[in-house]
Amino acid sequence: MKIFKIAFVLIGIILFSCSKETVLETKILSPDSSVEIVFNLTGDGQPTYKIIVNNEEVIKTSSLGFDLKNQSSLNNNFKLINSNVSSFSEVWEMPWGEQIEVENNYNELKIELQEITDLKRKLNIVFKAYDDGVGFRYEFPKQENLSEVYITNENTQFNLTDNHKVWWIPGDWDIYEHLYSTTLFSKIDAKEKANHNDLAQTSIPENAVNTPVTMKTSSGFYLSFHEASLVDYAGMTLKVDTTNLSMVSNLVGSDNNDYKVKRTVPFHTPWRTIQISENASDLIESNLIVNLNEPNKLEDVSWFKPTKYTGIWWEMHLGKSSWDKASGKHGATTENAKAFIDFSAKNNIGAVLVEGWNTGWEHWIGFEDREGVFDFVTPYSDYDLGEVVRYGKEKDVEIVMHHETSAATETYEKQQDTAYALMQSLGIHTVKTGYVGKILPKGEYHHGQYMVNQYNNATIKAAKYQVAINAHEPIKATGLRRTYPNTISREGLRGQEFNAWSSDGGNPPEHLSIVAFTRMLAGPIDYTPGIFDIKFDKYKKNNQVNTTIAQQLALYVVIYSPVQMVADLIENYEGNPALQFIKDVGVDWQKTKVLNGEIGDYVIIARKERNSENWFVGGITDENKREMDISFDFLDAKQVYQAVIYEDGKNAHWDKNPTELNIRKVEITNQSNLKLKLAPGGGFAISIIKSK
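Numbering-wise (the numbering used here), the sequence shown opens with residue 1042 and increments by one.
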């Protein structure tokens, strides 16, 4: 049900004089009046804003505007020609997601500006005040003296109130696969902290951070900066001024152009977003990013089913097999695929990913000219695609297609219709795409306008063939899963595979307790959890996963995705009682509740399965052991539940003893409380089933 209303919203317009300048000030409040946005037009016509939360300033007065190619900047000389306020309230449903119903309530302020100079160019700024944060964007309306815009810089400023604690990765134009740093804002040094080892490509031209970037103020507010509805525009990094404690938007550019965005008027930019909360847990529960996107344009997407999946993938990273057939140890064979199908069918796992199935892997990386290398419809001779799909259907297991483009965008674009049509003919509804390597055509970057359009256009085209996309080496998630629900998940972070082959020790124990409050705020993550053979000495003696096995189970609840990989080798699951949790755990949810958490330390999340009354709880910690009290007051009253607890053993430790696991059963109600011990780098997972 959707409800739309225009209402009286608290707004104040004040004119006052100060030092020969007349200042126009306009205010608007969020629905519960906790968040206040103050727009100012200074005496020289410069638009600015500031944000106040519970009477405390969290963003100081910050300027807005643009630099344009071959035109004067749109930064000042404006007058206010109109302002409009409105209220909006709706409840919309996610076809899949962390919850079913989403409340979308905000107050909106639209500012219409016009230059006082000869061109009289127009620019609108729209602010939306939510109880959990702020979104604002620029609109270029249709006008006489501005028909095409070449943006060289977007000058959106975020002036901080203090030297906040920040969790950040470098503002890389090409990749998000960096480890998070935890520093004061004044200590951000993107180039010094960049972990260049093992990255397929990287470009960090400025001391900037990528978004979402999350901060904690000295007074206890949590702020996370990002963007929503990134369409036909360059991705935004945030250039930092460590002296003046300020950030300004720094759009990703191109070596081929002297501008960063080209658009035809009328158009609008993505939303610039700030999620705001008084505790870290509320950041995860915020729906600000998806709410700032347009409603579902695809309508019925029932052909996509959230699922767990196994796959021919981890074994390549371990070196057990390879993607290419010429190596002599090809992983994507018909026989191997059928073995994964059998295992999946037996263990309530709905799909199998097969990587390395198609020709071209011998020349996919390390070559300058990769256009034309991959064929997305022709399998290797030892892989019978039709037979594998047939066998999967017989066992009620779907196949997940794989398209590694090697960042050769023109080749992929030319073959998309043929490749998606093949998938449709076989009844395959999900594809994992990859964009490893430097973008072709040369001079483009993964996060620039050219690639934003590549990713989005692929999703739109795939929908016509009832194909959902799980993108790796992607553009950031910005909530477009609401508009195009076939954009189901993506990588966009330093994933599990770094544990298998990186030279810097893999992902540290704190990694995912930061990710939950940073990258995960943007949208679903294909992190590929479920590694049981933590040390894998048989294949890589110098590498390991830096968690306990209990944390690997917990990740199925903590790190959200509608497609969750059961990533380890089949043989490492056989006979292990921990597999039962993976068999039981859901992937699609009615409700999500963050029970507790602190960024970089720990997080505990409970989720209720969408098509049952079952709840699942996951908790993880960093390198420090913890004792956590869990209240089950979120359960239904007057009901008894059977809880199966998978917890770290007494002597468990992410490095010294990662596989010690204790499994126990208890009866609980919504009055119950449990005290659980988490080992260093550990966690726990609980399945909660109503007693009959």
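Yeah, the Cβ is synthetic: ideal placement off N, Cα and C, and Gly gets one too.
Of the listed residues Tyr1496, Lys1706, Lys1483, nearest to Ile1727 (C-alpha basis): For the residues Tyr1496, Lys1706, Lys1483, the minimum Cα distance to Ile1727 belongs to Lys1706.
Cut-off 8 Å between Cβ atoms - residues of its own chain near Phe1119, not counting five sequence neighbours on either side: For Phe1119, where only same-chain residues beyond five positions count, the Cβ hits under 8 Å are Leu1082, Gly1086, Gln1087, Pro1088, Leu1154, Gln1155, Glu1156, Ile1157, Leu1164.
Enumerated in chain order, which unbroken segments of the alpha helix (DSSP H) with a length of 4 residues or greater are wholly contained in the segment 1243-1275? Given a length threshold of 4 residues, the segment 1243-1275 has no whole run of the alpha helix (DSSP H) inside it.
Other residues of its chain near Thr1459: CB distance less than 8 Å, five sequence neighbours each side excluded: Cβ neighbours of Thr1459 beyond the five flanking positions: Phe1417, Val1418.
Are there three or more Cβ pairs, one per stretch, closer than 8 Å when the segment 1508-1516 is compared with the segment 1474-1490? At 8 Å Cβ cutoff, the stretches touch.
Give me whichever residues DSSP pairs with Thr1682 in a beta bridge. Contrary to the premise, residue 1682 reads as Tyr rather than Thr in this sequence. According to DSSP, Tyr1682 bridges with Ile1709, Lys1731.
Going residue by residue through the segment 1348-1398, where are the continuous alpha helix (DSSP H) segments of at least 4 residues, counting only ones entirely within it? Given a length threshold of 4 residues, each whole run of the alpha helix (DSSP H) inside the segment 1348-1398 is given here in chain order: 1355-1359, 1375-1387.
Using C-beta distances below 7 Å, list every residue in its chain close to Ala1498, excluding the 5 sequence neighbours before and after it, in chain order. The amino acid occupying residue 1498 in the given sequence is Asn; Ala does not appear at that position. Its chain contains no residue whose beta carbon lies nearer than 7 Å to that of Asn1498 once the 5 sequence neighbours on both sides are disregarded.
Under 8 Å Cβ to Cβ from Val1493, same chain only, skipping five residues before and after it: list those, please. Same-chain partners within the cutoff: Leu1271, Val1272, Asp1273, Tyr1274, Ala1275, Gly1276, Ile1516.
With a cut-off of 8 Å, do at least 3 Cβ pairs link the segment 1192-1199 to the segment 1235-1247? As far as the Cβ criterion goes, the segment 1192-1199 does not touch the segment 1235-1247, which means the pair count is below three.
Might you give, ordered along the chain, the residues of its own chain that have their beta carbon closer than 8 Å to the beta carbon of Asp1282, omitting 5 neighbours on each side? Same-chain partners within the cutoff: Met1288, Val1289.
Exposure label - Gln1712; buried when at least 16 CB within 10 Å: The residue in question, Gln1712, is exposed, as its Cβ has fewer than 16 Cβ neighbours within 10 Å.
Shortest alpha-carbon distance to Val1254 belongs to which of Thr1314, Val1306, Asn1285? When only C-alpha atoms are compared, the closest one is Thr1314.
Beta strand (DSSP E) containing Thr1528: first to last residue? Here the beta strand (DSSP E) through Thr1528 covers 1528-1531.
Is it buried or exposed for Gly1261, if we count other Cβ within 10 angstroms and need 16 for buried? In summary, Gly1261 is exposed, with fewer than 16 beta-carbon neighbours lying within 10 Å of its beta-carbon over all protein chains present.
Best match in Asp1625, Lys1697, Tyr1601 for proximity to Thr1588 [C-alpha to C-alpha]: When each option's Cα is compared against that of Thr1588, the closest is Lys1697.
Trp1344 - DSSP class collapsed to helix/strand/coil: Trp1344 falls in the coil class under three-state DSSP.
Same chain, Cβ closer than 7 Å to Lys1479, neighbours up to 5 away in sequence not counted: Result list for Lys1479: Gln1242, Ala1448, in chain order.
Where Lys1169 and Gly1176 are concerned, what is the direct C-alpha to C-alpha distance, given to the nearest angstrom? Here the C-alpha atom of Lys1169 lies approximately 5 Å from the C-alpha atom of Gly1176.
Exposed or buried, what is Arg1523 when buried is set at 16 or more other beta-carbons lying within 10 Å of its beta-carbon? With 16 or more neighbouring CB atoms inside 10 Å of its own CB, Arg1523 falls in the buried class.
Rounded straight-line distance, which links the Cα of Pro1420 to that of Trp1405: One Cα belongs to Trp1405, the other to Pro1420, and the distance between them is close to 15 Å.
DSSP three-state assignment for Glu1615, whether helix, strand or coil: Glu1615: coil per DSSP, three-state reduction.
Closer than 8 Å is the cut-off here; do at least three beta carbon pairs connect the segment 1637-1653 with the segment 1612-1619? Under the 8 Å Cβ criterion, the segment 1637-1653 does not count as touching the segment 1612-1619, having fewer than three qualifying pairs.
Considering Trp1656, what are the terminal residues of the alpha helix (DSSP H) in which it resides? Unbroken run through Trp1656 is the beta strand (DSSP E), 1656-1662; no alpha helix (DSSP H).
Could you check if Ala1503 is buried or exposed, using at least 16 other CB atoms within 10 Å of its CB as the buried criterion? Sixteen is the threshold: when 16 or more other Cβ atoms of the shown chains lie within 10 Å of the Cβ of Ala1503, as they do, the residue is buried.
Quick one: what's Met1279 bridged to in DSSP? Checking the sequence, you will find Leu at residue 1279 rather than Met. Note: Leu1279 sits in a beta bridge opposite Val1250, Ser1290.
Let me see if you follow: with CB-CB separation under 8 Å, is Thr1278 close to chain C or not? No chain C appears in this structure, which consists of one protein chain only.
contact_flag[the segment 1594-1614, the segment 1552-1565] where n(CB pairs < 8 Å) is 3 or more: Segments in contact, yes.
I'd like the ranges of any alpha helix (DSSP H) spanning at least 4 consecutive residues and lying wholly in the segment 1571-1625. If one requires a minimum length of 4 residues, the alpha helix (DSSP H) runs lying completely within the segment 1571-1625 are 1590-1599, 1620-1625, in chain order.
Who are the Cβ neighbours of Lys1576 in its own chain at under 6 Å, not counting the five residues just before and after it? For Lys1576, same chain residues with a beta-carbon under 6 Å away, outside a window of 5 residues either side, are Gln1585 in chain order.
For Lys1234, which residues in the same chain have their Cβ closer than 6 Å to its Cβ, ignoring the five residues on either side in sequence? For Lys1234, where only same-chain residues beyond five positions count, the Cβ hits under 6 Å are Ser1222.
If you measure between the beta carbons of Asn1548 and Ser1530, is that distance less than 8 Å? Going by C-beta atoms, Asn1548 is not nearer than 8 Å to Ser1530.
Hey, how far is the Cα of Ile1469 from the Cα of His1443? Looking at the two C-alpha atoms, the distance is approximately 11 Å.
If you draw a straight line from the C-alpha of Lys1436 to the C-alpha of Pro1136, how long is it? Going by C-alpha positions, Lys1436 is about 26 Å away from Pro1136.
With a threshold of 7 Å on Cβ separation, who are the neighbours of Phe1381 within its own chain once the five nearest residues in sequence on each side are excluded? Only Thr1351, Gly1352, Ile1353, Val1393, Ile1611 meet the Cβ criterion.
For Gln1198, count neighbouring Cβ atoms within 10 angstroms of its own Cβ and tell me buried if that reaches 16, exposed if not. Looking at its Cβ environment, which holds 16 or more other Cβ atoms inside 10 Å, Gln1198 is buried.
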